[in-house]
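Inspection log for the structure reproduced underneath, given as structure tokens.
In the working numbering, the protein residues as written are 1068 to 1449.
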């Protein structure tokens, strides 16, 4: 007689099969990339255009197009207040403006998250506006390879209420927290950010950084549609890389001719800002542009995000590199044009004007930057 406490053989087999199936599913889930998509409707009052139109002063009607970056905090006397480089807007002031003006029509905003398979804790997040080239960047195989290597998540949004810049800043934080919960990666609520904006998408990467610099390890302005948004004093605390094409490069002021969309670039004073010019190209980045962006991402991540950081335990205190620890590079000369061999050297031994040179985070990135300015590509890149 079979003991009563022993389960029937077929029941035991079924139980083992279920255990094996469950283990297999868990293993498969763990081995798969995390991919989440969500579309929500947001009112236009969140968009940067609405915020500028309804919260910024408009007393001045004319502007000479010149920003005096040589003296931070001292704009050009004729600079339009409505194009002020320093937004002094609180969330409460924004809410008051919405109450007075109305929130406007609602439009779809689509959010996408991708986390490589095997990443237990995302050490950082590459956040990009889908405006312009952001859609292609999100799916770029080399970026995904780099994200896998560095344990990074990729997050993208597209839709008029957000893609060109938005207010308040909590919009992004709320979505990252929600996606973190849904994906099983709650650390997304605290992970440091690398921002990318193309064309008017720079309104996101520049102005978000200007108010949230403590969480952004670096940011990119790719072919900015307007240049007022990159002149943000507070965001000088972050490492920045601006990639201009010749046509959109702001001309140095006071050298004759009408300034191009405002401001100096070759003559401006910067702290941790890398200026890069890609001549003979269009408004969008090409295949040869991306390797420099990825090099910038890699080296700034190493310089700013502590190796032992764990955003699952709370916010990360980013390392702030000493200016003297980097390399400097001579800025591209618009009078010469074309590809140029620009000298680079460690900060201490650089013989040119240090205040106006591009700041390069380390020697390895300096070589990539120099190669790009000389040949239009990073050595070994596509």
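The C-beta atom is built at its ideal place from N, Cα and C for all residues, glycine as well.
Let's test the definition: count the other Cβ atoms within 10 Å of the Cβ of residue i and tell me whether it reaches 16, buried, or not, exposed.
| i | result |
| --- | --- |
| residue 1015 | Outside the displayed span of the chain (1068 to 1449) sits residue 1015, for which this structure offers no information. |
| residue 1422 | exposed |
| residue 1323 | Note on residue 1323: pLDDT 26, under 50, position unreliable in the model; the coordinate value appears next. Exposed, by the Cβ-count rule. |
| residue 1387 | exposed |
| residue 1397 | buried |
| residue 1345 | buried |
| residue 1276 | buried |
| residue 1439 | buried |
| residue 1134 | Because residue 1134 carries a pLDDT of 46, less than 50, the predicted location of this residue cannot be relied on, and the following value inherits that uncertainty. When all chains shown are included, residue 1134 counts as buried. |
| residue 1437 | buried |
| residue 1335 | Residue confidence for residue 1335 is low, a pLDDT of 38 falling below 50, so the modelled location carries little weight; the figure read from the coordinates is stated next. Classification for residue 1335: buried. |
| residue 1370 | buried |
| residue 1119 | buried |
| residue 1266 | buried |
Quick one: what's got a C-beta closer than 7 Å to residue i's C-beta in the same chain, skipping five residues either side?
| i | result |
| --- | --- |
| residue 1377 | 1188 |
| residue 1432 | 1362, 1363, 1366 |
| residue 1238 | 1113, 1229 |
| residue 1415 | 1391 |
| residue 1279 | 1236 |
| residue 1186 | 1218 |
| residue 1417 | 1395, 1424 |
| residue 1360 | 1287 |
| residue 1382 | 1257 |
| residue 1430 | 1394 |
Apart from the five residues on each side of it in sequence, which residues of its chain come closer than 6 Å, Cβ to Cβ, to residue i?
| i | result |
| --- | --- |
| residue 1196 | 1230, 1264, 1268, 1271 |
| residue 1434 | none |
| residue 1444 | 1355 |
| residue 1101 | 1182, 1250 |
| residue 1408 | 1441 |
Determine the contact status of residue i and residue j, defining contact as a CB-CB distance below 7 Å.
| i | j | result |
| --- | --- | --- |
| residue 1161 | residue 1235 | yes |
| residue 1463 | residue 1307 | Within the shown structure, residues of the chain are numbered from 1068 to 1449, placing residue 1463 beyond reach of any answer. |
| residue 1309 | residue 1342 | yes |
| residue 1207 | residue 1290 | no |
| residue 1282 | residue 1260 | yes |
| residue 1103 | residue 1205 | no |
| residue 1164 | residue 1121 | yes |
| residue 1372 | residue 1284 | yes |
| residue 1200 | residue 1413 | no |
| residue 1108 | residue 1173 | yes |
Checking the sheet assignment: what are the DSSP bridge partners for residue i?
| i | result |
| --- | --- |
| residue 1265 | 1289 |
| residue 1214 | Bridge partners of residue 1214: none, in fact. |
| residue 1342 | 1309 |
| residue 1176 | 1107 |
Flag residue i as yes when its Cβ comes closer than 6 Å to any non-hydrogen atom of the ligand GDP, and as no otherwise.
| i | result |
| --- | --- |
| residue 1395 | Summarising the ligand content, the structure contains no ligands, and the ligand GDP is consequently not present. |
Keeping to the same chain, check which residues put their C-beta closer than 8 Å to that of residue i; ignore five residues upstream and five downstream.
| i | result |
| --- | --- |
| residue 1446 | 1434, 1435, 1438 |
Is the number of C-beta pairs between the segment 1179-1193 and the segment 1244-1264 that are closer than 8 Å three or more?
In short, these stretches touch, since the Cβ pair count reaches three.
I'd like to know if the segment 1218-1234 and the segment 1176-1183 are in contact, where contact means that at least 3 CB-CB pairs between them fall below 8 Å.
yes
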